[in-house]
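Written below as structure tokens is the structure these notes are about.
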């Protein structure tokens, strides 16, 4: 009984008193009812010191209360922490729609000013929030071998399509796969796919030019998601689609289903991974629905079979992955080239790493994560970027001038090399990714015991165990006035040749930090530049009557989006 009394008392330490009182009353009432039932049915049970174990409901309640009473992990180890709620921890702000996801990330980053780190809770999971750029470099680069993995959400047997991709792989499997794929995303490989991107961007613009209207009002999220869908369908899966002309094509429908978490069932599925991963594993709950997984498996395997049987070679991501399987593309240069200013390369040697033997399932898993990541993040960057250009006309006009001049110098066309030489384009894209990073936060998991030594007077050594979690809050770093003056202002001049040297290392991390950063950053940058080139060459982006100015983030959506949607106008230019 002493354990049960401890549980009751420990709840009182939490701040949410009404909920705590309810849980205590529920707990005591349940103990009384259990005791009555056991007394009436099995008298001898009262002789047992642990009589309450006969009630499975009691065991569940005890686990719940234990969870509620353990939200002081950081306080016990000398780290400043939030005041979490029982069960849901600090996620109540987004669950109950008090803040958008991005606003909550910034909130956790801003807590305890002057601290290099602080603690918060994802449900009952303690999470260390890193806020100091030097510490970020220490954890993700210098001591990377202690934090090589992301948190595992999905059991490998439950969803091999997700668990087999580069983002989800851990340990040696990740190291070997990263070594295998690194050459696939080098500049030389991305250059080979430029004509595919360029063709999709031209088709995108032609679709709106054919409308023959002076001003076209467009909901940008839906529109740009179709562009992102077509790019990834053709580069990763070898499938030609035009989602603007054929809005109900299977690829786009599947993409929307994957990224849409508005339904209750999908939210419950996602929360199951966070709250009860063991239960999710026992029930073999996958991240993707079975028909979605089957669709992508079938598509990739049929395409591979046709290409190998007929000897088809196509300059796309699928072909590069097939080359990787054959071992014919392992040349790789980590040189940073002009036009990719936001890319930070790491040549993590990974002692003992080997090239993975890619199976069809491995290729399908990499193509799938490429699709999921690109579908959402690219369309988000295009949406926020278009909004910023619409409300900052002088920046839009300056970028258009550079585009028109580049177009003229290259005989009315754009090439890979000419696009990468556009300095102002690179400055604008860099600023879009600063103000609106592709992911607001990413995590790392300790794979070895590690100690963060104290630096400030109020710090103690923080001992991290295997499995402990920390956050890299990119949105927080990018919106910190100590890192970027007037951070809410959209100002590409931050990234001019004269100013970019003033940016503190590891305060600008749009693609993550260290050897586990985004491997496809070059691809994403080229995709953004290509579409904005063609879009601004032919249209002026304008706010409309339904555009929300200033932009207000929606608190009801899991993904970053403004209240009312991304409604903007495309005004056709008479001449360029």
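In our numbering, the protein residues as written are 372 to 947.
Quick reminder that beta carbons are idealized off the backbone N, C-alpha and C, glycines included.
Checklist entry - Just checking my contact of residue 895 with residue 670 at CB under 8 angstroms: how many whole Å lie between their CB atoms? => result Going by Cβ atoms, the distance from residue 895 to residue 670 rounds to 22 angstroms, so no, they are not a contact pair.
Checklist entry - So, is residue 744 buried or exposed, given that buried needs 16 or more other C-beta atoms within 10 angstroms? => result buried
Next on the checklist: Contact defined as beta carbons within less than 8 angstroms: I believe residue 734 pairs with residue 691. What is the distance between those atoms, to the nearest angstrom?
Outcome noted: Incorrect: roughly 10 angstroms between the Cβ atoms, too far for contact.
Item to check | Nearest residue (CA-CA) to residue 483, options 834, 859, 830, 912 | outcome: 830
Item to check | Start and end residues, alpha helix (DSSP H) containing residue 509 | outcome: Where residue 509 is concerned, there is no enclosing alpha helix (DSSP H), given that its DSSP letter is neither H nor E.
Checklist entry - Where does residue 731 land, buried or exposed, given buried means 16+ other C-beta within 10 angstroms? => result exposed
Checklist entry - From which residue to which residue does the beta strand (DSSP E) around residue 489 run? => result 488-493
Next on the checklist: Quick check on residue 940: does DSSP put it in helix, strand or coil?
Outcome noted: strand
Checklist entry - Is any beta-carbon of chain D found at less than 8 angstroms from that of residue 867? => result Checking the listed chains, one finds no chain D in this structure; it contains a single protein chain.
Item to check | Whether residue 899 touches residue 771 by CB criterion (8 angstroms) | outcome: no
Checklist entry - Under 8 angstroms, do residue 568 and residue 901 count as touching if we go by C-beta distance? => result yes
Checklist entry - Considering only residues of the same chain and omitting the five flanking positions on each side of residue 533, which have a CB-CB separation below 8 angstroms? => result 525, 539, 657, 658, 659, 736, 739, 740
Checklist entry - By Cβ distance below 7 angstroms, which residues in the same chain neighbour residue 606 in space, the five residues on each side in sequence not counted? => result 564, 567, 687, 688
Checklist entry - Alpha carbon to alpha carbon, how far is residue 841 from residue 500? => result 6 angstroms
Item to check | C-beta contact flag for residue 948 and residue 461 at 8 angstroms | outcome: Only positions 372 to 947 of the chain appear in the structure, and residue 948 is not among them; the question remains open.
Checklist entry - Nearest CA to the CA of residue 798: which residue from 864, 487, 729, 926? => result 864
Item to check | Buried/exposed call for residue 631, threshold 16 Cβ in 10 Å | outcome: exposed
Item to check | Simplified DSSP state of residue 521, which is helix, strand or coil | outcome: coil
Checklist entry - What is the rounded straight-line gap between the Cα of residue 523 and the Cα of residue 836? => result 16 angstroms
Checklist entry - At what residues does the alpha helix (DSSP H) containing residue 531 begin and finish? => result 531-534
Item to check | DSSP three-state assignment for residue 469, whether helix, strand or coil | outcome: coil
Item to check | Three-state secondary structure assigned by DSSP to residue 480 | outcome: helix
Item to check | CA nearest to the CA of residue 486, picked from 451, 495, 468, 464 | outcome: 451
Checklist entry - So who's on the other strand from residue 452, going by DSSP bridges? => result 490
Checklist entry - Cα separation between residue 580 and residue 685? => result 29 angstroms
Checklist entry - Which two residues bound the contiguous beta strand (DSSP E) that contains residue 841? => result 840-843
Item to check | Where residue 837 falls: helix, strand or coil (DSSP) | outcome: coil
Item to check | Beta-bridge pairing of residue 822 - partner residues as DSSP gives them | outcome: 834
Checklist entry - Between the segment 804-823 and the segment 844-858, are three or more C-beta pairs nearer than 8 angstroms? => result yes
Next on the checklist: Using CA atoms only, rank isn't needed, just tell me which of 930, 551, 870, 548 is closest to residue 752.
Outcome noted: 930
Checklist entry - Should residue 469 be labelled buried (16 or more other beta-carbon atoms within 10 Å of its own) or exposed? => result exposed
Next on the checklist: Restricting to Cα atoms, I'd like to know which of 893, 939, 935 is closest to residue 557.
Outcome noted: 893
Checklist entry - When DSSP labels each residue in this structure, what does residue 749 get in the three-state scheme? => result helix
Item to check | Cβ neighbours of residue 573 in the same chain (closer than 7 angstroms, five flanking residues each side left out) | outcome: 905
Checklist entry - What number of angstroms, rounded off, separates the C-alpha of residue 932 from the C-alpha of residue 796? => result 24 angstroms
Checklist entry - Residues bridged to residue 588 by DSSP? => result 940
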